[in-house]
Structure formats: structure tokens, C-alpha cells
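Protein chains in written order, with the numbering used here: chain H, 21 to 147; chain Z, -19 to 146.
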């Protein structure tokens, strides 16, 4: 294998530098705003801003399980998409056989999706 | 390279400790994200690039959203937070210590695993993983879709049962 096709951890140094710059920018901005900005603590200023409407109640109330159901289904389809990356990279090498394999995989998952839709798990209001 | 490994390991261990020690559950989740990111850095150091990206997408992206949702589903008002009694704490310390003992005993006699073909650095890349997955491990791959369906069915069954009652 020639050196052009070799991928080493060193290839990620630009990403590392970028993430350090991003982190540094965020940290310096946050520290500088705390140092430079005037600090006035009054009741009106510390109150949550809610588009001019006065806040009421507690923010920490448990919410509907529907959000969680959507999130779990999202994770499942997310993991499904993960399997498509190695397939897409090898698409030409695997040929028609690989295409049919993926079709079977996606077909089975489509059955699951149809089940979800017909069960009404994605329906937001139960009317 | 060695310096990076030690830096990532230190970040991983410190953030994992902070997950346990931080008072607010939201802070715990954020430290867990930092821990996962440093573990993804370890994968990159091992040249397992596919695993690193999958780790970031699935764990730090999706699973952490689930964790946040679970925290938000719980009622986290300080008034109804249960107070752990002294007995519970002592039992927790003893059981955790026993688990640590078992782990140390298990890893004490572990042999250094030799790489099967140490010359092949590219085994963790997306292309090589795809070749292995779609040729050698095709059947487990197809069967995993059945696993996905069962997970979907389970999630829908558990999630919809609640709304039917209302």
C-alpha cells in the first residue's frame, strides 16, 4: 500500500487544532464578557425573559413521554444510518449483491417504520 | 502521541469522576459528553476512525439526548429529592468496593493481547470495516435489522401504553 492511501491518526491534527481554537474562542469570550461587562444584580434583571410575558410556575415539571418515544426512535434510525456509511464507501466494490443485501436490511427496517406509523407512535395528538 | 494519550486519559478519568461527583444531573450529562469525546480521541489515536465517528454520532449525539430527556422526565425539584440514609451510603460503598475488587482481580492476570496483523494499520477505516461487514459478517448484519425492529416494537409498546390510559 502506498503512502497516499494510508490514513494515520496524524491526519486528525487539523481537526484537533480547529477544536482547540473553537474551545479557546468560546472560553475567552465567556471569560471576557464576565470581566468586561458591568454586573448589576436586580430582581428584574435576574428574572427569566419570556417574550415580555411574566413567568409563572416551575420550569422543572415532568413532560410528556412522547418526546422520549420520538428520541428513542430517532436513536434507532440513527444507528441504522451508521450502517450505511461503510456500505456507501464500498458501493462499487460490492456491486449488485451488496445493493440487494442493503435492500433487504432497509426493507426489514421499513417494516418497523410502517409498524410505527400504523401504531400511531408519531401522532402528536391522540384525538 | 504518548503525550496526547496521557492527556486524553486524564481528561477521560477526570470527567468520569466529575459525572459522579457533580450535584446537578445536567452537569453530569455534560461531563459524560466530555468523557465520551475523549474516548473518541482514544479511538482516533488507535486509528479506529469509523469507531470514533460512530461513537461521536451515536453516543455523544443521540444517547446523550436520551439521557437529557430522562433527566427532564424525572421530577427534579429539590423538595422531593429523596435523602439517602447513612445505611444506604455504607452499602453502596461496600458493593462498589467489591465490584472494584472483582475488576482488579480479573485484570491483574490479564495477558497483553497481541494484534493479529500489526502491520495493517488501516483495519479501523470505514472502507475496511465495510469490506468485512458485507462479506464476512453479512448474516449478523442482516439479523441486526430484526433487532432494530424488536427495539422499535418494544419502544412503541411501552410508550403508547401510557397515552392510552389518559
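Using N, Cα and C, we set each Cβ at its ideal position, and we do this for glycine too.
Residue-chain proximity (residue i, chain Z), Cβ-Cβ < 9 Å
i              : result
residue 68(H)  : no
residue 141(H) : yes
residue 42(H)  : no
residue 38(H)  : no
residue 91(H)  : yes
residue 50(H)  : no
residue 46(H)  : no
residue 76(H)  : no
residue 34(H)  : no
residue 136(H) : yes
residue 118(H) : yes
residue 3(H)   : Chain H is shown from 21 up to 147; residue 3(H) falls before or after that span and cannot be answered.
Cβ pair residue i, residue j closer than 9 Å
i              : j              : result
residue 30(Z)  : residue 119(Z) : no
residue 169(H) : residue 38(Z)  : Any question about residue 169(H) goes unanswered here, given that chain H covers just 21 to 147.
residue 17(Z)  : residue 47(Z)  : no
residue 85(H)  : residue 53(Z)  : yes
residue 134(Z) : residue 88(H)  : no
residue 114(Z) : residue 34(H)  : no
residue 19(H)  : residue 142(H) : In this structure chain H extends from 21 to 147, so residue 19(H) is not present and cannot be described.
residue 99(H)  : residue 128(Z) : yes
residue 43(H)  : residue 122(Z) : no
residue 132(Z) : residue 132(H) : yes
Backbone CA spacing between residue i and residue j [nearest angstrom]
i              : j              : result
residue 8(Z)   : residue 15(Z)  : 10 Å
residue 109(H) : residue 20(Z)  : 21 Å
residue 72(H)  : residue -16(Z) : 49 Å
residue 75(H)  : residue 93(H)  : 33 Å
residue 70(H)  : residue 6(Z)   : 22 Å
residue 56(H)  : residue 48(H)  : 12 Å
residue 139(H) : residue 136(Z) : 8 Å
residue 70(Z)  : residue 122(H) : 52 Å
residue 116(H) : residue -19(Z) : 42 Å
residue 3(Z)   : residue 111(Z) : 46 Å
residue 113(H) : residue 103(H) : 16 Å
residue 44(Z)  : residue 97(H)  : 15 Å
residue 91(H)  : residue 1(Z)   : 27 Å
residue 45(H)  : residue 38(H)  : 10 Å
residue 84(Z)  : residue 51(H)  : 42 Å
residue 119(H) : residue 126(H) : 10 Å
residue 25(Z)  : residue -7(Z)  : 17 Å
residue 76(Z)  : residue -13(Z) : 27 Å
residue 61(H)  : residue 68(H)  : 13 Å
residue 28(H)  : residue 130(H) : 37 Å
residue 92(Z)  : residue 86(Z)  : 13 Å
residue 31(H)  : residue 81(Z)  : 40 Å
residue 73(Z)  : residue 41(H)  : 41 Å
residue 65(Z)  : residue -4(Z)  : 25 Å
residue 83(H)  : residue 90(Z)  : 47 Å
Buried or exposed (CB count within 10 angstroms, at least 16 for buried), residue i
i              : result
residue 144(H) : exposed
residue 23(Z)  : buried
residue 27(Z)  : buried
residue 109(Z) : buried
residue 54(H)  : exposed
residue 21(H)  : Note that residue 21(H) has pLDDT 40, beneath the 50 cutoff, so the model's placement of it is unreliable and the number below is only indicative. Label assigned to residue 21(H): exposed.
residue 66(H)  : exposed
residue 50(Z)  : exposed
residue 42(Z)  : buried
Check: residue i C-beta below 8 Å from any heavy atom of the ligand ADP
i             : result
residue 97(H) : This structure simply doesn't include the ligand ADP, nor any ligand for that matter.
Beta carbon proximity, residue i to chain H, threshold 9 Å
i              : result
residue 80(Z)  : no
residue 9(Z)   : no
residue 52(Z)  : yes
residue 29(Z)  : yes
residue 125(Z) : yes
residue 178(Z) : Coverage of chain Z is limited to positions -19 through 146, which leaves residue 178(Z) absent and any answer about it impossible.
residue 107(Z) : yes
residue 111(Z) : yes
residue 16(Z)  : no
residue 41(Z)  : yes
Limits of the alpha helix (DSSP H) - the one that residue i falls within
i              : result
residue 106(H) : 85 to 109
residue 152(Z) : A query on residue 152(Z) cannot be resolved here, the shown segment of chain Z reaching from -19 to 146 and no further.
residue 51(Z)  : 44 to 53
residue 46(H)  : 33 to 56
residue 68(Z)  : 66 to 88
residue -4(Z)  : -18 to 1
residue 66(H)  : 63 to 66
residue 31(Z)  : 29 to 34
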